[in-house]
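Everything in the sequence shown is counted per numbering that gives the first Met the number 0, starting at 0 for the first residue and increasing by one.
Glycine is no exception: its CB is placed at the ideal position from the N, C-alpha and C atoms.
Remember, it's a predicted structure, so these values are computed and weren't measured experimentally.
Worksheet: one structure, shown below.
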Amino acid sequence: MKAYRSYQGRNPKTGEIIRVQDKKLPFFKVGKELKERVDSE
């Protein structure tokens, strides 16, 4: 899991400035073997 701090964002539809709360999102780091297999295709 990767933690992200809150930040100021913007609603693209209305242009309104909003505050995005702190959040934790899953994070995936590709291993060497998988990266080599994908790159070889």
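Between residue i and residue j, what straight-line distance do the alpha-carbon atoms span, to the nearest angstrom?
i   : j   : result
E35 : K28 : 13 Å
Y3  : F26 : 11 Å
G14 : K23 : 25 Å
G8  : Q20 : 10 Å
Can you look up residue i in the DSSP assignment and give me helix, strand or coil?
i   : result
K42 : Given that the chain is displayed from residue 0 to residue 40, the structure contains no residue 42 and the question cannot be resolved.
Which two residues bound the contiguous beta strand (DSSP E) that contains residue i?
i   : result
G95 : In this structure the chain extends from 0 to 40, so residue 95 is not present and cannot be described.
K23 : 22–24
K1  : 1–3
Short check: CB of residue i to CB of residue j, under 9 Å?
i  : j   : result
S5 : R18 : yes
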